[in-house]
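One structure is given below, encoded as structure tokens.
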Amino acid sequence: MHTLMRESIAGEFGIEPLIERRRTTDLHLIRQPADSPLLSIVVPTFNERDNAPKLVQLLSAALLAIPWEVIFVDDDSPDGTAEVVRQLASVDPRVRCIHRIGRRGLSSACIEGVMASSAPYIAVMDGDLQHDETVLPRMFEALHQGGMELAVGSRYVDGGGIGEWDSKRAFISRFATRLSHLVVPPSLKDPMSGFFMVRRDVFLDRVRLLSALGFKILLDLFASGRDRTPIRFIEIPYQFRNRQAGVSKLDNQAAWDYVMLLLDKLIGRWVPVRFLAFAFIGGLGLVVHLAVLTGLFKGSQLDFNVAQTAATVTAMVFNFSVNNLLTYRDRRLSGWGWGRGLASFMLACSVGAFANVGIANYVFGRNGQWVLAACAGIVVGAVWNYAVTSFYTWGSARK
Ligand code: GDD
Ligand code: MN
């Protein structure tokens, strides 16, 4: 890129053009191995265009003594965050951008960022300036000199705090923290923190065990490989700041994601949690079916066949929509993709219904136990529906 252009972009974001400094002082610097980062800061972003430049400035000021880089992992934010990050990167080689298309998810974004780093130490922090970057040098010291494997930025140890959260959010956070102790050591006071630094080798050692579901990557890391030597960690207090620009992405569905993560850690090695979610929603679908059937057949006195058909279609649309919203939230279909998804879902489930009846008939014919036969049919139908729709309906990331 033309130097003048670089300078004007740099000026716009209030960043000193690093390239210039290198040219006028010491070109040799660029080739020094010491120049490669010791610390990568992975920052997941979704609609943080106003925060990204500011964050780079703050990191720059906080990390004077440590060679670092920042890796933004952006899920194709509609506000153009990725483009802003690329502009920053064009004037500052410490800035990198991973731009993901057709994917959503904070945890999976963090993992992808970590996997793109070659630095021995990796921090994960939010891109909305709520995490206190001035704590990073202390975290670094704890790992680099202090023999720790992981340092948690903690709101729940002395000196830490949750800032100006309302009492409802504070209560939810504490409740969720208590629940998390089902899968992480109780000595960890802030397992819900999204701010931490870890040795890369420790992360890589466990990366294949991660669930990568939802928001809680730190909890995931601690809860994965519980049969291994526990991670040596320290908690370093910080005050959670208020968001200045943009909005939080933690919505009601985050609670669902959190429960899925806990379930995956507890029983995921035996049953895939997506299947559990799918089966649970299938159960709700049955309730919807019966309600519609009762209304139309008993209430409106419609022909049974008509009522049953209407109930089946309603239940299928219900099941598809709710699965699209929750079970496959990370691959959610919209627009035309939604319609195509619904069609393939209904087709797959119709075949599943045949399989269900076929198997049930077969079992009933062999031993005459109708409850057993019905259950066998339901299980086979559900597994079929799950397997086929996970592949055809929600299979590829782009629809
Ligand atoms: N790439 C990507 N994809 N980034 C995302 C996504 C996503 O789907 N959703 C959120 N982010 C980014 C946001 O842009 C922000 O940089 C960061 O992840 C945190 O998201 P917020 O929406 O600001 O969440 P929060 O402030 O409510 O929650 C934070 O605080 C919790 C503490 O209770 C997060 O840091 C949590 O991880 C943390 O546990
Ligand atoms: Mn936030």
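Residue numbering for the sequence shown follows my numbering, beginning at 12 and increasing consecutively. Note that CB positions come from ideal geometry on N, CA and C, so glycine has one too. Predicted, not measured: the structure shown is a model, and the values here were computed from it.
Give a yes or no on whether the C-beta atoms belonging to residue i and residue j are separated by under 9 Å.
i, j, result
"Trp267", "Leu221", "no"
"Asp143", "Arg219", "no"
"Glu160", "Phe244", "yes"
"Asp137", "Pro202", "no"
"Leu49", "Pro131", "yes"
"Ala318", "Phe308", "yes"
"Ala127", "Leu147", "no"
"Val374", "Gly388", "yes"
"Gly174", "Gln141", "yes"
"Val125", "Ile247", "no"
"Val81", "Val102", "no"
"Leu224", "Val209", "no"
"Val96", "Ala120", "no"
"Tyr249", "Gly170", "yes"
"Val284", "Thr325", "no"
"Glu207", "Ala162", "What sits at residue 207 in the sequence shown is Phe, not Glu. Their beta carbons are under 9 Å apart, which means Phe207 touches Ala162 by this criterion."
"Leu193", "Leu273", "yes"
"Gln68", "Asp139", "no"
Measuring only the C-alpha atoms, how far is residue i from residue j?
i, j, result
"Ser259", "Phe289", "28 Å"
"Leu75", "Thr404", "49 Å"
"Thr400", "Glu23", "48 Å"
"Gln43", "Leu70", "Model confidence at Gln43 stands at a pLDDT of 44, short of 50, so the residue's coordinates are unreliable and nothing is read from them."
"Ile278", "Asp238", "15 Å"
"Arg342", "Arg114", "6 Å"
"Asp86", "Gly116", "8 Å"
"Ile109", "Ser129", "15 Å"
"Thr35", "Pro196", "With a pLDDT of only 44 at Thr35, under 50, the local geometry of the prediction cannot be trusted, and no value is derived from it."
"Gly164", "Trp176", "17 Å"
"His39", "Ser332", "Reliability of the predicted coordinates at His39 is poor, the pLDDT of 45 falling under 50, and no value is obtained from them."
"Ile41", "Gly348", "Confidence at Ile41 is low in this model, with a pLDDT of 44, below 50, so its placement is unreliable and the value that follows should be read with caution. Straight-line Cα distance between these residues: approximately 47 Å."
"Ser311", "Val368", "28 Å"
"Pro104", "Val394", "49 Å"
"Leu301", "Ala354", "22 Å"
"Leu383", "Met271", "29 Å"
"Lys200", "Gly257", "28 Å"
"Thr305", "Arg60", "51 Å"
"Ser204", "Trp381", "51 Å"
"Lys65", "Asn58", "14 Å"
"Tyr339", "Gln156", "43 Å"
"Ala322", "Ile52", "52 Å"
If you follow the beta strand (DSSP E) that residue i is in, where does it begin and where does it stop?
i, result
"Gly164", "Leu161 to Ser165"
"Ser51", "Leu50 to Thr56"
"Pro196", "Neither: Pro196 is in no beta strand (DSSP E) and is coded neither H nor E."
"Leu246", "A quick correction: the sequence has Glu, not Leu, at residue 246. Phe244 to Pro248 is the span of the beta strand (DSSP E), which, as asked, contains Glu246."
So, with DSSP's three-state summary, where would you put residue i?
i, result
"Ala134", "strand"
"Glu80", "strand"
"Val282", "coil"
"Met203", "coil"
"Val168", "coil"
"Asp85", "strand"
"Arg210", "strand"
"Gly174", "coil"
"Gly236", "coil"
"Glu23", "helix"
"Ala265", "helix"
Does the beta carbon of residue i sit closer than 9 Å to a beta carbon anywhere in chain D?
i, result
"Pro248", "Absent from the structure is chain D; it holds one protein chain and no more."
Taking the continuous alpha helix (DSSP H) assigned at residue i, which residues delimit it?
i, result
"His110", "Segment Val106 to His110 is the beta strand (DSSP E) holding His110; no alpha helix (DSSP H) there."
"His155", "Leu147 to His155"
"Trp349", "Trp347 to Asn378"
"Pro64", "Ala63 to Ala73"
"Asn316", "Phe315 to Val333"
"Thr400", "Trp381 to Tyr403"
"Ala93", "Thr92 to Val102"
"Glu123", "Leu117 to Met126"
Next on the checklist: Which residues neighbour ligand 2 when neighbourhood means a C-beta less than 7 Å away from any of its non-hydrogen atoms? List them by chain order.
Outcome noted: Asp137, Asp139, Gln141, Arg254 and Ser259
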